[in-house]
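Asks:
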Amino acid sequence: MAMRELTDLHQVWRMRAFEEKVRELRLAEEVVGSVHLGIGQEAIAVGAAGLIGSDDAVFATYRGHSWALACGVPPENLFGEVLGRTCGINGGRGGSAYLTAPRYRFFGENSIVGAGAPIAVGAALAGRYDHSNRVVLTVFGDGAMNQGAVHEAMNFAAAMLLPVVFLCENNSWSELTPISDMVGDDRLYRRAAAYGLPGERIDGNDPDVVRTHLASAFERARTGGGPTLLEAMTARLVGHYIGDAEQYRRPGELEEARRHEPVTKLTEQARRNGAADADIEQAELVAREEMESAAAEALRSEHADPATAKDHLYA
Amino acid sequence: MAMRELTDLHQVWRMRAFEEKVRELRLAEEVVGSVHLGIGQEAIAVGAAGLIGSDDAVFATYRGHSWALACGVPPENLFGEVLGRTCGINGGRGGSAYLTAPRYRFFGENSIVGAGAPIAVGAALAGRYDHSNRVVLTVFGDGAMNQGAVHEAMNFAAAMLLPVVFLCENNSWSELTPISDMVGDDRLYRRAAAYGLPGERIDGNDPDVVRTHLASAFERARTGGGPTLLEAMTARLVGHYIGDAEQYRRPGELEEARRHEPVTKLTEQARRNGAADADIEQAELVAREEMESAAAEALRSEHADPATAKDHLYA
Amino acid sequence: MPDTTLASEKLTYGEAVRAALRRCLTELPETLFYGEDVAKPGGVFGVTRGLHRDFGDRVFDTPISESAILGSAVGAAMLGRRPIVEIMWIDFAMVAFDQIINQLANVRYVSQGLLHAPVVIRTQQGSAPGACAQHSQSLEALFLHVPGVRVCLPWTAQDAYDLLVTAVHSDDPVVVIENRTLYNAGKQEVVLAGPVQRMGEIRVRRAGTDVTAVTWGAITAKVLEAAELLAGEGISVEVVETPWLNPFPTDEVAARVSATGRLAVVHEANVTGGFGAEVVVRMAEAGVALRSPALRIGLPDSRVPAAPSLVAGLMPDAPRIAESLRKLVHS
Amino acid sequence: MPDTTLASEKLTYGEAVRAALRRCLTELPETLFYGEDVAKPGGVFGVTRGLHRDFGDRVFDTPISESAILGSAVGAAMLGRRPIVEIMWIDFAMVAFDQIINQLANVRYVSQGLLHAPVVIRTQQGSAPGACAQHSQSLEALFLHVPGVRVCLPWTAQDAYDLLVTAVHSDDPVVVIENRTLYNAGKQEVVLAGPVQRMGEIRVRRAGTDVTAVTWGAITAKVLEAAELLAGEGISVEVVETPWLNPFPTDEVAARVSATGRLAVVHEANVTGGFGAEVVVRMAEAGVALRSPALRIGLPDSRVPAAPSLVAGLMPDAPRIAESLRKLVHS
Ligand SMILES: Cc1ncc(C[n+]2csc(CCOP(=O)(O)OP(=O)(O)O)c2C)c(N)n1
Ligand SMILES: Cc1ncc(C[n+]2csc(CCOP(=O)(O)OP(=O)(O)O)c2C)c(N)n1
Ligand SMILES: [Mg+2]
Ligand SMILES: [Mg+2]
C-alpha cells in the first residue's frame, strides 16, 4: 500500500511546507536577513531521520531547517527562531542560519563553511568516554569539501576510528559557483580513500536509498568500524539564499532537476505502488496545515526581549 | 666511472657537513634557539637541485637548510643567518627556521606547518601571467599532510591546473609522533587521487630516483599537465631539533635507517660502479672544507645591528 | 577634498568599489582579482559584476578555501603580482588568519625588503538585520594589532573608491574593510580619476566645538545622526571619521580633539580590546588635555544575536550615542 | 596568598602545570587532555610526561590539525566532556582561530546557556632567544577582544598551577597562556592541594609608592628587575601582576594606581592594539587621577627577528623599562 513512500512523502512535504512558509514570511519581511532554503534536498534528511538514535548527534550547516525537523525540533520553535521571537528554539539568538536544539540531538547549524565537521568529530570523541555508543552525523555541502577544517576532521576521525558519518549534500553549487569548476575531480566521495575510509556516492533524492546507505554507515560507526563519507547527489531547486537571482543556472538545469526531485520521485513511487490519490494529497495537506498553524503560533510570540540580549555570555 | 654517484655524494656531503657544523655551533652556543636538521634526508634536495630552473621557485619548511643549499644559496650567508650575523642571507631576521633567498629562487622556509603550500600555489599562479613557465616546488613533511592548508593548496592547484610539485618528505615522524598513528592510511601519496592528481611514493634516499620522478613531475607541470604529489620516503637520523632526546625511537630504528641513508647508499653505489676510494673520500673532504671556511667567514661577520631592528616593516 | 575639475559620477558604494577595481585592473597590469563567487557570478553582493568579462583570467573564482586564497595571494605577490583578494565576510578570515598574521605580515620584514607583498584583502563586516553571530562581527582590532598590515574602512562611496585605489597602489599589504549594508544604499557623487591619495587622511564630517567624536565604518552615519539630534539641544559635536586606522593619523586627530577638549570614540566593534582604546590612549600620549575622561562607545562586549530586537538591545544607535555624548558634555 | 597549612612542593613552572593537569584529570573524570605530542612523548617541552601512562586514553596525541583539535574540543565539550587541549605555540592558534572566535565563544550565548563549552586551551607564547618571527608573538590581545572567552597568563609556578586548576574547573572557555622560557627556569615552592581559586585576582609583586607598574606574563621578571634598579635611586615602584586579563580586575587595579598616582603598563606584546591600551583606558574610565599620562611599554610595533642582537634592539628589558619609569616619575 506504499506506506513507506507515503510516510516519506509526508516528511518531505513537512520540510518543504516549512521552508515555503519561511520564504513567504521572508518576502513579507516578517523574517529579516539571509535565509538559505534546502528545497529539493529534503530526501536526505528524511532518509536520515529514523536512524538517529537518542544518544546520537547531528551537526548541519546554515541550510539546516530540514535537519532540525528531522531531529524532531517542533516547527513552532523553529519558526519562532527564524522570526526572532521569544519562542524561538534559541530565543532568537541563532536565527535561521545558526540554530541549535541539543535537547533534540540537533547540535546545530553552522554558518562557517566546514567548521561543523571538526566539532562533530569532538561529539563522537565524547562518546568514547560516556558509554553512549553515540554516532554523530555531520552534514555539509559540496563546496565545504574544499575547506581545510573538513579535511582535518576526516583525517582526525579516521586516525582515531571515531563513529562519525560525514554526509556531503552535493547540490552541485557552492553558492553561485559550480563545484565541478572548483575541484580536479568532482567525484567527491573518492576523497574518502585518501583517509582510508569507505566512501560512496548515492542518490540523495530518494529517502530510501539514503536510508539504506546511511544505515550501513551508522552500523559501521556504531560497531567500531569508524567513519564513512557519503556523497548524496541532489539539487537545490531555489536560490542559494532567498533573493538570489540565480543568473548562474545552466539552461534547462532546473527543469531537469524538477524531474528528479523528492516530491516528484516519491509521488511517482507511491502511485506506482498503489497509493491512492487522496493519500498522496493528504501527505501534502496535513504537512501544510501543520506548518501554517506552527507559523501562526510563532507569530503570536513576542519579539525577543532586548533586555535579555546580554545574558548567557559567561557561566 | 661513477661520476653521477660521486657528484651526488659530494652534494649530500655539502648538506651534511653544513648541518653538522651548525650542530657544532649550536652546541657551542654560537647559534641559539631551535634548529631542525635534515641529516639523513639530503638525497631529496640533491635529486631536485638540477631540475630547478632559473624562473622556478622553491618553498620549504623549517627543516630547509639543504633546500637553500640546493638552490645555490652561499653557505657563508646561510651560516650567517643561522648565527644571526650581518652577512646572514636575511641579516639575521629569519634565523635557521625562516630563511628566504629569493635571488636564489629559494622563497623560503616556513615555520608554520603546512603554510608554505598555499603560498607556493600562489607563486605558480603568478607564472600564469608573467610568461615565465615557472614550476614551483613545495616541500613539507608527512605530518603536514594533516594540515588544512595543505589540503586547500592541493585542491586549489588541481582545480586550476597550476604547475606545482608537492613534495612530501616522509620521514615517518611528526616531531615526536609517528605518522602511522595519525592517519587512517599511511600511504600518503594516495591522497593525490582525492584531488584528481597523479601521486607516487618513491625512495627519498636515492638522489637519482628522486631526480627521475621529480623530472617527470616538473615536465608535467611545465607542459600544462598540472600538479603532482610525490611522497619521498626517508629518515631523519637526528632529533627533531638539536637537543631532542629521541626517546620515542623504536629499538633498532636508527640502525636500520643508517643502512639506507644517502651517504651509505651513494658510497656503495659509487664503489660498485668503480669509483676510487680517494674520490669517495674527496667528496666528503672538499665539502667539509667548504663548510668550515664558510662558517669561519660567517663568524667574522658582526652580530646584526640592533639599530636596524625596526627597518623594513613598511614600504 | 574632491578635485572639482575631475569628472564625477553618481554611484552606489558598491559601484564605487567596482570602479576602483576596474581602474586598478586597467592601470596596473600586475593586478589580479579573485575570491569566492567574484568572477562569473559577479560577487554575492553583485559588486564585482562585469570584471571577469572585461579582464578575463585576471579575475577568477576560487574554491571555498580561505587559506588557499590568502596564501596564494602571498605567494603571487612575492613573485611580482599584485593580488586583490576578496574574503566574503571578515568572520571567514578567521579560518585562515595565519596567512595574514604569520605569513603576509612577515614577508617584507624578514626578507629585509628584498621581497614585498602588495596584497589587498577586500572584505566586509558588521551587523546587518538578521545576520547570525558568525556573520556580524566587527574585527578590525584584530588586524590592527598586526604590525606590517595596513587597515582602512571606507564609509562613503568616494572613500570606497579612493581607499581601494590607494590600497592597490601600495606596496604594503592592506586590508580594506567594507560594509555590506552600504553597497546598495543610494547613489553619491564620486570623483573617479583623481590621483592616488596618501593613506591616513581624516575626514571631518561635521564641524563642532563641544566634543570630538572619532569614528569609522558604517556607524559614522549614526554618529552624524546623533550629532544632528544634539545640535537641536545646542550641543555642538564635531564628527571626525578616520577611514584609515593603520596608519592612524594621531597628530591630526589630536589637533581636533584638543580644540574641543572632549573625546568620544565610537565603533561597532566590541569595546574591550577595541581600537577605541588605542585612540583614547594615543590622545593622552599626545598630551591632549581633556575636560572630562574620554568615552568609548561600541558593542558592550557581547556575541551578536540574530534577532533584530536583541541586536537593538546591544548595538549603539543614534539616540543612545546622543545620550552618551550629552552626558559627556555635561559631566 | 598560599595557605600555609597545605602541603607544598618544590616544582618548576612546567612541573606545576603537570601537577595541575594531574589534579584535574584525577578529580574531574570528564576531563580529557590532548594535543600534538602531548601524550606518549610527554610534550615538546616535556611538561606533560607521565600523564598518558597514568590516565590512559583520556590523554592522547593528535595529528597536526589545529582546526580539528580545537573544533573537536568544542564538540566534546558540548556533549559533556571537559577537554583541555594544547596548542603548542600561540602562533599556531592562528591557523584555526575560527574555532575559537566563531565557534567556542558562541556556544553558550547562542544556545541561551543550554549548552556550554568548558574548554581549556593551554598554549604558550613569547620571545625566546633565536626563535623566528612565527614563534615569537605575544597575542593575548587577539583573544581579549573575543567576548565569551576567559584569558590568563601565569608567571609563577604557583600561578601555573592555580590558574590552570581554576581554568579547568570553570564552565567557561579559558585560554591559559604559558611561557616556554619559564618551564624549566628553577624550582619554586608550590602549594598543591588548595581550593579552586576565583578568577581575576591580582598579585602585588612589590610594594611601591611612586608609580604602579601593571604587567603580566614572563616580562614581570624584567619589571621587577627594573623596580630593583630604581629602588637604588630612591624611586619606589609598585609592581602589580594581573595574571587574569579576562576577567580583568579593574577595581583592584584602579585602587592600586590611585594610591601611587602614576601608571605604566608593561607587556611583551606589540604596543598598538595591545591590552595595555585597555588597561590605561579602564583606569581613566574608573576615574583614577594620574599625575602624568600613563605609559605603555611593549614591543614597538614590529615583527620579531630571530637574531638575539636584533631582538635586543626591540624588546623592553630591565634597563629600558627602568629608564621609562624613571622618566615617568620625573615628568
Ligand atoms: C569559511 C567560509 N567561507 C565562505 C563562506 C560563504 N559561504 C556561505 S555558503 C557558501 C557555499 C557553500 O557551498 P556548499 O558547501 O556546497 O553548501 P550549499 O550552500 O550548497 O548547501 C559560501 C561560500 C562561509 N560561510 N564560510
Ligand atoms: C600549524 C603548526 N602546528 C604545529 C607546529 C609545531 N611543529 C613544528 S614541526 C612539527 C612536526 C612536523 O612534522 P612533519 O610535517 O612530518 O615534518 P618534519 O618535521 O618531519 O620534517 C610540528 C607539529 C607548527 N610549527 N605549526
Ligand atoms: Mg553545494
Ligand atoms: Mg616528518
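Line order of the protein sequences matches chains R, W, Y and V. Each residue of the first sequence is one higher than the one before, starting from 91 at the first, in this note's numbering. Each residue of the second sequence is one higher than the one before, starting from 91 at the first, in this note's numbering. Each residue of the third sequence is one higher than the one before, starting from 2 at the first, in this note's numbering. Each residue of the fourth sequence is one higher than the one before, starting from 2 at the first, in this note's numbering. Ideal Cβ positions, reconstructed from N, Cα and C, are used throughout, including at glycine.
(1) Name the residue from R:304, R:325, R:263 and R:240 whose alpha carbon lies nearest to the alpha carbon of residue 284 (chain R).
(2) Under three-state DSSP, which class holds residue 273 (chain Y)?
(3) Against chain A, with Cβ distances strictly below 9 Å, would residue 304 (chain W) count as a contact?
(4) Which same chain residues, not among the five before or five after residue 250 (chain V), have their C-beta less than 6 Å away from its C-beta?
(5) Which residues bound the beta strand (DSSP E) around residue 256 (chain R)?
(6) Starting from the C-beta of residue 370 (chain W), find all residues in its chain whose C-beta is less than 8 Å away, skip the five residues before and the five after it, and write them out in chain order.
(7) On a CA-only basis, which of R:242, R:226 and R:225 is nearest residue 233 (chain W)? Give me that one, please.
(8) Provide the residue(s) that pair with residue 149 (chain Y) in DSSP beta bridges, ordered along the chain.
(9) What residue does the alpha helix (DSSP H) around residue 90 (chain V) start on, and which one ends it?
(10) Along chain V, which residues have their Cβ under 7 Å away from the Cβ of residue 203 (chain W)?
(11) So with CB distances below 8 Å, who are the chain V contacts of residue 265 (chain W)?
(12) Assuming residue 110 (chain V) is part of the alpha helix (DSSP H), what are its boundary residues?
(13) Give the range of the beta strand (DSSP E) segment to which residue 321 (chain R) is assigned.
(14) Beta carbon of residue 178 (chain R), beta carbon of residue 297 (chain R): below 9 Å?
(15) For residue 139 (chain V), which option in V:299, V:309 and V:310 has the closest C-alpha, if you only look at C-alpha atoms?
(16) Counting only Cβ pairs nearer than 7 Å, list the residues of chain R close to residue 250 (chain V).
(17) Cβ-heavy atom distance between residue 65 (chain R) and ligand 1 below 8 Å?
(18) I'd like to confirm the pairing. Which residues does DSSP put opposite residue 207 (chain V) in its beta bridges?
(19) Going by other Cβ atoms of all chains shown within 10 Å of its Cβ, with 16 needed for buried, is residue 297 (chain V) buried or exposed?
(20) May I have the straight-line CA-CA distance separating residue 342 (chain R) from residue 307 (chain R), to the nearest angstrom?
(21) Could you compute how far the alpha carbon of residue 11 (chain V) sits from the alpha carbon of residue 159 (chain V)?
(22) Note down, in chain order, each residue of its chain lying with its Cβ closer than 8 Å to the Cβ of residue 120 (chain R), except the 5 sequence neighbours on either side.
(23) Could you tell me whether any non-hydrogen atom of ligand 2 is closer than 8 Å to the CB of residue 326 (chain W)?
(24) Does the beta carbon of residue 337 (chain W) sit closer than 9 Å to a beta carbon anywhere in chain V?
(25) Using 10 angstroms around the beta-carbon of residue 392 (chain W), count the other beta-carbons present and answer buried if the total reaches 16, otherwise exposed.
(26) Please go through the same chain and pick out, in chain order, the residues whose beta-carbon is closer than 7 Å to the beta-carbon of residue 387 (chain Y), but skip the five residues on each side of it.
(27) Under three-state DSSP, which class holds residue 155 (chain R)?
(28) Is the Cβ of residue 315 (chain Y) closer than 9 Å to any Cβ of chain R?
(29) From what residue to what residue does the beta strand (DSSP E) around residue 215 (chain Y) run?
(30) So residue 190 (chain V) is in the beta strand (DSSP E); what residue range does that whole segment cover?
(31) What residues in its chain sit with their C-beta under 8 Å from that of residue 315 (chain V), if we drop five residues either side in the sequence?
(32) Whole angstroms is fine: what's the gap from residue 189 (chain W)'s alpha carbon to residue 115 (chain Y)'s?
(33) Taking buried to mean at least 16 other C-beta atoms within 10 Å of its own C-beta, is residue 328 (chain Y) buried or exposed?
(34) In the segment 118-146 of chain V, which residue ranges form an unbroken alpha helix (DSSP H) of at least 4 residues, counting only runs that do not cross its ends?
(35) Since residue 34 (chain V) is in the beta strand (DSSP E), which residue starts that stretch and which ends it?
(36) Answer yes or no: the CB of residue 37 (chain V) versus the heavy atoms of ligand 2, is any distance below 8 Å?
Replies: Answer, in terms of the structure:
(1) Counting from one through the first sequence, the residue named residue 284 (chain R) turns up at place 194. The residue with the shortest Cα to Cα distance from residue 284 (chain R) is R:240.
(2) In the third sequence, the residue the question calls residue 273 (chain Y) occupies position 272. Annotated three-state conformation of residue 273 (chain Y) is coil, per DSSP.
(3) Of the protein chains in the structure, R, W, Y and V, none is chain A.
(4) Mapped onto the fourth sequence, residue 250 (chain V) falls at position 249. Same-chain partners within the cutoff: 201 and 203.
(5) If you number the first sequence from 1, residue 256 (chain R) lands on position 166. In this chain, the beta strand (DSSP E) harbouring residue 256 (chain R) covers 254-260.
(6) In the second sequence, residue 370 (chain W) corresponds to position 280, counting from 1. So the list reads 96, 99, 357, 360 and 361, once near-sequence residues are dropped.
(7) What you label residue 233 (chain W) is simply residue 143 of the second sequence in a count that begins at 1. Ranking R:242, R:226 and R:225 by CA distance to the CA of residue 233 (chain W) puts R:242 first.
(8) To locate residue 149 (chain Y), count along the third sequence from 1; it is residue 148. BP columns for residue 149 (chain Y) are empty, so no partner.
(9) Position 89 of the fourth sequence, counted from the start, is the residue given in the question as residue 90 (chain V). Residue 90 (chain V): not part of any alpha helix (DSSP H); DSSP gives it neither H nor E.
(10) For the purposes of this step, residue 203 (chain W) is taken as the residue at position 113 of the second sequence. Neighbours of residue 203 (chain W) on chain V, chain order: 65.
(11) Residue numbering aside, residue 265 (chain W) sits at position 175 when the second sequence is read from its first letter. Ordered by position in chain V, the residues that pass the 8 Å Cβ test against residue 265 (chain W) are 37, 38, 42 and 45.
(12) On the fourth sequence, position 109 is the one that residue 110 (chain V) refers to. In this chain, the alpha helix (DSSP H) harbouring residue 110 (chain V) covers 108-111.
(13) Residue 321 (chain R) sits at position 231 when you count from the first residue of the first sequence. 318-323 is the span of the beta strand (DSSP E), which, as asked, contains residue 321 (chain R).
(14) By one-based count along the first sequence, residue 178 (chain R) stands at place 88. By one-based count along the first sequence, residue 297 (chain R) stands at place 207. With respect to residue 297 (chain R), residue 178 (chain R) sits apart: the two C-beta atoms are not nearer than 9 Å.
(15) The residue given as residue 139 (chain V) occupies position 138 in the fourth sequence. With distances taken between Cα atoms, residue 139 (chain V) lies closest to V:299.
(16) Taking the fourth sequence and counting its residues from 1, the one referred to as residue 250 (chain V) is at position 249. Close partners of residue 250 (chain V) in chain R (Cβ separation under 7 Å) are lacking, with about 15 Å as the shortest Cβ gap.
(17) Shown here, chain R extends from 91 to 405; a query on residue 65 (chain R) therefore has no answer.
(18) Position 206 of the fourth sequence, counted from the first residue, corresponds to residue 207 (chain V). Under the DSSP definition of a beta bridge, residue 207 (chain V) partners with V:240.
(19) Residue 297 (chain V) sits at position 296 when you count from the first residue of the fourth sequence. Counting Cβ neighbours within 10 Å, residue 297 (chain V) comes out buried, since at least 16 surround it.
(20) Taking the first sequence and counting its residues from 1, the one referred to as residue 342 (chain R) is at position 252. Taking the first sequence and counting its residues from 1, the one referred to as residue 307 (chain R) is at position 217. Distance between the alpha carbons of residue 342 (chain R) and residue 307 (chain R) is about 34 Å.
(21) The sequence position of residue 11 (chain V) within the fourth sequence is 10, counting from 1. The sequence position of residue 159 (chain V) within the fourth sequence is 158, counting from 1. The alpha-carbon atoms of residue 11 (chain V) and residue 159 (chain V) are separated by roughly 10 Å.
(22) Counting from one through the first sequence, the residue named residue 120 (chain R) turns up at place 30. Here the set comprises 173 and 389.
(23) On the second sequence, position 236 is the one that residue 326 (chain W) refers to. Yes; taking the cut-off as 8 Å, the Cβ of residue 326 (chain W) has a heavy atom of ligand 2 nearer than that.
(24) Locating residue 337 (chain W) in the second sequence gives position 247, counting from the first residue. The Cβ of residue 337 (chain W) sits closer than 9 Å to at least one Cβ of chain V.
(25) Looking up residue 392 (chain W) in the second sequence gives position 302. Exposed, by the Cβ-count rule.
(26) One cannot answer for residue 387 (chain Y) here, as it falls past the ends of chain Y, which runs 2 to 332.
(27) Here residue 155 (chain R) refers to the residue found at position 65 when the first sequence is read from its first residue. Residue 155 (chain R) falls in the helix class under three-state DSSP.
(28) Numbered from its first residue, the third sequence carries residue 315 (chain Y) at position 314. So, interface residue.
(29) Taking the third sequence and counting its residues from 1, one reaches residue 215 (chain Y) at position 214. Counting along the chain, the beta strand (DSSP E) containing residue 215 (chain Y) begins and ends at 212-216.
(30) Along the fourth sequence, read from residue 1 onward, the residue named residue 190 (chain V) stands at position 189. Judged by DSSP secondary structure, residue 190 (chain V) falls within the beta strand (DSSP E) whose first and last residues are 189-192.
(31) For the purposes of this step, residue 315 (chain V) is taken as residue 314 along the fourth sequence, with counting starting at 1. These residues qualify, in order along the chain: 300, 301, 303, 305 and 306.
(32) As a working mapping, residue 189 (chain W) is identified with position 99 in the second sequence. As a working mapping, residue 115 (chain Y) is identified with position 114 in the third sequence. If I take the Cα positions, the gap works out to 12 Å.
(33) Taking the first residue of the third sequence as 1, we reach residue 328 (chain Y) at position 327. Residue 328 (chain Y) should be labelled exposed.
(34) For the segment 118-146 of chain V, the continuous alpha helix (DSSP H) assignments of 4+ residues that do not extend past its boundaries occur at 141-145, in sequence order.
(35) The residue labelled residue 34 (chain V) in the question sits at position 33 within the fourth sequence. Where residue 34 (chain V) is concerned, the enclosing beta strand (DSSP E) stretches over 32-36.
(36) Numbered from 1 along the fourth sequence, position 36 holds the residue referred to as residue 37 (chain V). Yes, since a heavy atom of ligand 2 falls inside the 8 Å radius drawn around the Cβ of residue 37 (chain V).
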